[in-house]
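S.K.: Last residue of the sequence shown: 907 in my numbering, with the numbers rising by one and none dropped.
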Amino acid sequence: MTFTRKDFPEGFLFGAATSSYQIEGHAFGGAGRTHWDDFAATPGNVVRSENGAVACDHYHRMEEDLDLVAGANFDLYRFSTSWARVLPEGRGAVNDEGLDFYDRLVDGLLARGLKPAATLYHWELPSPLADLGGWRNRDIAGWFADFTEVLMRRIGDRLWSAAPINEPWCVGWLSHFLGQHAPGLRDIRATARAMHHVLLAHGRAIETMRGLGMTNLGAVCNLEYATPAEDTPEARAAAARYDAIYNRWFLSGIFNGQYPAETLEGLEPHLPAGWQDDFTTIGQPLDWLGLNYYTRKLIAPDPGPWPHYREVEGPLPKTQVGWEIYPEGLHEFLIRAHRDHARGLPIHVTENGMANADRLVAGAVEDPQRLSYIEAHLAQVRRAIAEGVPVAGYYIWSLMDNYEWALGYEKRFGLVHVNFESLQRTPKASYHALARALAR
Numbered sequence: 468m469t470f471t472r473k474d475f476p477e478g479f480l481f482g483a484a485t486s487s488y489q490i491e492g493h494a495f496g497g498a499g500r501t502h503w504d505d506f507a508a509t510p511g512n513v514v515r516s517e518n519g520a521v522a523c524d525h526y527h528r529m530e531e532d533l534d535l536v537a538g539a540n541f542d543l544y545r546f547s548t549s550w551a552r553v554l555p556e557g558r559g560a561v562n563d564e565g566l567d568f569y570d571r572l573v574d575g576l577l578a579r580g581l582k583p584a585a586t587l588y589h590w591e592l593p594s595p596l597a598d599l600g601g602w603r604n605r606d607i608a609g610w611f612a613d614f615t616e617v618l619m620r621r622i623g624d625r626l627w628s629a630a631p632i633n634e635p636w637c638v639g640w641l642s643h644f645l646g647q648h649a650p651g652l653r654d655i656r657a658t659a660r661a662m663h664h665v666l667l668a669h670g671r672a673i674e675t676m677r678g679l680g681m682t683n684l685g686a687v688c689n690l691e692y693a694t695p696a697e698d699t700p701e702a703r704a705a706a707a708r709y710d711a712i713y714n715r716w717f718l719s720g721i722f723n724g725q726y727p728a729e730t731l732e733g734l735e736p737h738l739p740a741g742w743q744d745d746f747t748t749i750g751q752p753l754d755w756l757g758l759n760y761y762t763r764k765l766i767a768p769d770p771g772p773w774p775h776y777r778e779v780e781g782p783l784p785k786t787q788v789g790w791e792i793y794p795e796g797l798h799e800f801l802i803r804a805h806r807d808h809a810r811g812l813p814i815h816v817t818e819n820g821m822a823n824a825d826r827l828v829a830g831a832v833e834d835p836q837r838l839s840y841i842e843a844h845l846a847q848v849r850r851a852i853a854e855g856v857p858v859a860g861y862y863i864w865s866l867m868d869n870y871e872w873a874l875g876y877e878k879r880f881g882l883v884h885v886n887f888e889s890l891q892r893t894p895k896a897s898y899h900a901l902a903r904a905l906a907r
């Protein structure tokens, strides 16, 4: 690493991020069934039909994993909680083992001098709620608020920060329009409703946490830079439409109380009645904004049905999952989010990282590509800070190799290598380099 802590403002936070279903092992501790279990059990949805039943067995190896967070000299650990672990049916009876697990997790972080940053939902919807329509059903906002109340009454007093929902684009569009994540739908009406209800649930959760006296609450949105594939008006319009759906729908809904016109041209006929009246709830005041950024896409016009665009393979170097490496997009989004949405709120890069075909050789993992990726993106963070953007933190995805959703266990995003047979953890070269760079 060519940077150290001294290259960033005093108080700038470095962290690592994970998610519940991807690491915990959902077969343990009384957790209920999720729509990801159902999705993975359906042939063709997930590589080798792999699921999160065991994952990294973080449920039983939590102490070892928290030692890894501390050993890298991070300030903060961003984790998510499983709705179905706390409420196995999504509503009603509480699983005390689940609450105890998150209680131990938070206490373990505090004991190591780490800030606990919780995200309530990272895509593992309880199956009984999916049976009732899941994110298509407006009632989910109330169900989610009730889950928030149960969980945060237990751990909310000791959290450094909290956010309701990770990457609402994935919950709405990727899962209901593209069908690539659970519940695997390809239905524009379901998409419009899910994209609205996920924001309504976000607002209800913020209200609930404020009611419990919690502070330092935020939102976490994923952003993907859209570049026209050719210099034509049609390609520019297609890229703008992609940007509106992916990036501006959620940020504009939360901060501006409206949806972009380019999205409404396709989604408005399918939105639930009275959707315009929900922006007061959706726009509950926040204390910070989190941005997850990985890549850009080249977008070309398409004559088919709305949204009239298609992705085109780009020329830049790519990660193990085929995502172009485009650090400049992070700088652009930090500038845009500060100017158009957060308007002075602290901004955290809540996820950034790369999948790489890492191999364990003679007890070590060399991953210079990951180091280069992190350094290039941190350079863009420093650039934005120098231009006046109040960037307050940078969190790497991910602490360890894990279950990468529909891609199974093949793609490795971690700073720590995981052998998915023995579950042995081996810190990679990037982990050791970060530990040196972040040492106090």
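For each residue, glycine too, the CB sits at the ideal point set by N, CA and C.
#1: When you compare only the Cα positions, how much space is there between Leu913 and Val617?
#2: Are the CB atoms of Pro650 and His798 nearer to each other than 8 Å?
#3: Skipping 5 residues on each side, what residues in its chain have a beta carbon closer than 7 Å to that of Ala706?
#4: In whole angstroms, give me the CA-to-CA distance for Ala584 and Pro593.
#5: According to DSSP, is Tyr713 part of a helix, a strand, or is it coil?
#6: Using 8 Å as the threshold, is the segment 526-538 in touch with the segment 599-609, meaning 3 or more CB pairs across them?
#7: Measuring straight from C-alpha to C-alpha, what distance separates Gly482 and Glu780?
#8: From the DSSP output, in three-state form, read off Met676 for me.
#9: Considering only their Cβ atoms, is the gap separating Leu572 from Phe546 smaller than 8 Å?
#10: How about Thr682 and Asp754: are their beta carbons less than 8 Å apart?
#11: Take every Cβ of the segment 707-722, pair it with every Cβ of the segment 624-641, and state whether three or more of those distances are shorter than 8 Å.
#12: Mind checking Pro555: buried by the 16 CB within 10 Å criterion, or exposed?
#13: Which residues mark the beginning and the end of the beta strand (DSSP E) in which Phe546 is found?
#14: Using DSSP with H/G/I as helix, E/B as strand and the rest coil, what is Leu645?
#15: If I follow the unbroken beta strand (DSSP E) through Thr586, where does it start and stop?
#16: Name the one or two DSSP bridge partners that Ala629 has.
#17: Suppose you measure from the CA of Gln787 to the CA of Leu480; what does that come to, to the nearest Å?
#18: How many Å lie between Arg621 and Phe614 at the Cα?
#19: Please confirm whether Asn723 and Val687 have their CB atoms less than 8 Å apart.
#20: Would you call the CB atoms of Ile841 and Ser897 closer than 8 Å?
#21: Between Ser865 and Ala484, what straight-line distance do the alpha-carbon atoms span, to the nearest angstrom?
#22: Please report the residue range of the alpha helix (DSSP H) in which Glu842 lies.
#23: Would you kindly report the start and end of the unbroken alpha helix (DSSP H) that includes Ile792?
#24: Per DSSP, what kind of secondary structure is Met821 in: helix, strand or coil?
#25: What residue range does the beta strand (DSSP E) around Arg528 cover?
#26: Short check: CB of Gly820 to CB of Ile852, under 8 Å?
#27: Span of the alpha helix (DSSP H) holding Trp550?
#28: Mind checking Arg763: buried by the 16 CB within 10 Å criterion, or exposed?
#29: Would you kindly work out how many angstroms separate the C-alpha atoms of Asp574 and His589, rounded to a whole number?
#30: Give every residue of the same chain whose Cβ lies closer than 8 Å to the Cβ of Ile802, excluding the five residues on either side of it in the sequence, and list them in chain order.
#31: Restricting to Cα atoms, I'd like to know which of Leu667, His648 and Val561 is closest to Met871.
#32: Ordered along the chain, which non-local residues of its own chain (more than five positions away) have a Cβ less than 6 Å from that of Gln631?
#33: Do Gly623 and Met676 have their C-beta atoms closer together than 8 Å?
#34: My assumption, with CB atoms under 8 Å, is that Arg553 sits in contact with Glu877. Please give the rounded CB distance.
#35: What alpha helix (DSSP H) runs, 4 residues minimum, are completely inside the segment 742-783?
#36: Nearest-angstrom Cα distance between Asp504 and Tyr488?
M.R.: Looking at the atomic coordinates:
#1: There is no way to answer for residue 913, as the model of the chain reaches only from 468 to 907.
#2: no
#3: Ala693, Thr694, Pro695 and Ile766
#4: 22 Å
#5: helix
#6: no
#7: 32 Å
#8: helix
#9: yes
#10: yes
#11: yes
#12: buried
#13: Leu543 to Ser547
#14: coil
#15: Lys582 to Tyr588
#16: Ala585 and Leu684
#17: 27 Å
#18: 11 Å
#19: no
#20: yes
#21: 5 Å
#22: Pro835 to Ala853
#23: That residue, Ile792, is in no alpha helix (DSSP H); it is neither H nor E in DSSP.
#24: coil
#25: Where Arg528 is concerned, there is no enclosing beta strand (DSSP E), although the alpha helix (DSSP H) it sits in stretches over His525 to Gly538.
#26: no
#27: Trp550 to Val553
#28: buried
#29: 21 Å
#30: Ala851, Glu854 and Val856
#31: According to the sequence as given, residue 871 is Glu; it is not Met. Among Leu667, His648 and Val561, the Cα nearest to that of Glu871 belongs to His648.
#32: Correcting the residue identity first, residue 631 is Pro in this sequence and not Gln. The residues are Leu587, His669 and Ala672.
#33: yes
#34: Here residue 553 is Val; the residue named in the question, Arg, does not match the sequence. Val553 to Glu877, Cβ: 30 Å. No contact.
#35: 746-749
#36: 10 Å
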